[in-house]
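One structure is given below, encoded as C-alpha cells.
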Amino acid sequence: MRKIISSTYISLDGVIERPQKWTTAYFRDEAAAYARELLFSCGAILMGRRTFDGFSQSWPAMEETTGDFGVRMNTLPHYVVSDSLRKPGWGDTTAIPRDRAVAEITRLKEQDGQDILQYGFGPVTRTLIDHGLLDELRLWIHPVVVGPRDPDDLLTRADFAASFELADTTPFKTGVIIATYRPATK
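Per the numbering used here, the very first residue in the sequence shown carries number -1; after that it's consecutive.
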C-alpha cells in the first residue's frame, strides 16, 4: 500500500499561505536535495484546487531552471480534489470530485507503486486526516514570523483537531527544520 505524505511550509507563527513570499531565502542546497529526494520517491502528486492553480501556472515554465526536478513535477500524475476543475491543462491531471475524494484517494493508496506526495495544507489535508488517509505530515518550519493568517486557514479553524507523533527531524543550516509527524496511535 502506498503512503500519502503531506509536505507543507510553515512559519514560526503558523502561517502557511503564500510561501513563495517568505521561503525563498531559505531554499538552499540542503533543502533542494531533500525536496528532490522526496519528489523522486513518490509516484503521484495530490493537491487541492488552490495549490493546483498555483502549481499549474508556475511549474510548466520552470523546467529550464529546475532541470529534472521540474520535469518530474510536470510529468508525474496529478490528482486534484475539485468540483469546478473541468480542463486541467497541466500534464497528466485527474480531477476528483469532493464527494468521491475519500473513495478515490483510498483506491489510489491501494494501488502498487511509489508513495503519493500531497502539497498544500487545506481542505484536502483535512479530509485525509479526518478519514485516516494521511500517513506522514512533513512540516518545513521556517525561522520567520510572517504576520496575520487567512481566517480560513485550516490551522485556525475551531472545529479542527488532530494528534500526531514526532517521527523524525531534519535541520538545515538555514534554520529550517523539517518535522516529520505520523498520526498518533490511539
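Cβ atoms here follow ideal geometry from the backbone N, Cα and C, with glycine treated the same way.
Just so we're clear, the structure is a prediction, and the values are computed from it rather than from any experiment.
Can you tell me whether residue i is buried or exposed, with buried defined as 16 or more other CB within 10 angstroms of its CB?
i	result
glutamine 109	exposed
alanine 99	buried
serine 56	exposed
isoleucine 91	First, the residue type needs correcting, since residue 91 is threonine and not isoleucine in the sequence shown. It counts as buried.
alanine 42	buried
Residue i lies in the beta strand (DSSP E); which residues open and close that run?
i	result
glycine 41	40 to 46
leucine 137	134 to 140
At least one CB of chain C closer than 8 Å to the CB of residue i: is that the case?
i	result
glycine 118	No chain C is present in this structure, which holds just one protein chain.
Below 7 Å CB to CB, which residues in the same chain sit around residue i once its five sequence neighbours on both sides are set aside?
i	result
tryptophan 88	Ser54, Pro58 and His76
proline 17	Tyr7
isoleucine 104	Note that residue 104 corresponds to threonine in the displayed sequence, not to isoleucine. Closer than 7 Å at the Cβ level, and outside the excluded window around threonine 104, lie Leu131.
Assuming contact is defined by CB atoms lying nearer than 8 Å, are residue i and residue j in contact in what I supplied?
i	j	result
isoleucine 114	leucine 44	yes
leucine 83	arginine 124	no
glycine 68	methionine 60	yes
isoleucine 14	phenylalanine 119	yes
threonine 22	histidine 140	no
arginine 70	leucine 37	yes
Would you mind reading off the limits of the alpha helix (DSSP H) that contains residue i?
i	result
isoleucine 127	121 to 128
alanine 93	No alpha helix (DSSP H) holds alanine 93; the beta strand (DSSP E) holding it covers 91 to 94.
Please name the residue in the options whose C-alpha comes closest to that of residue i.
i	options	result
cysteine 40	Gly52, Ala101 and Ser5	Ser5
aspartate 157	Pro121, Ile94, Ile176 and Gly68	Pro121
leucine 135	Pro181, Gly173, Ala23 and Pro146	Pro181
leucine 137	Ile2, Ile94 and Ser9	Ser9
valine 78	Asp66, Ser56 and Glu102	Glu102
isoleucine 3	Pro146, Leu164, Ala159 and Gln116	Gln116
valine 142	Tyr24, Glu62 and Asp97	Tyr24
glycine 173	Leu37, Arg26 and Thr63	Arg26
aspartate 133	Val144, Ala160, Gly145 and Glu28	Ala160
leucine 74	Gln112, Arg96 and Ala29	Gln112
Who are the Cβ neighbours of residue i in its own chain at under 6 Å, not counting the five residues just before and after it?
i	result
proline 169	Ile175
Give me, in chain order, the residues of the same chain whose beta-carbon lies closer than 8 Å to that of residue i; leave out the 5 immediate sequence neighbours on both sides.
i	result
threonine 167	Ile175, Ile176, Ala177 and Thr178
isoleucine 94	Tyr77, Val78, Val79, Ser80, Glu102 and Ile103
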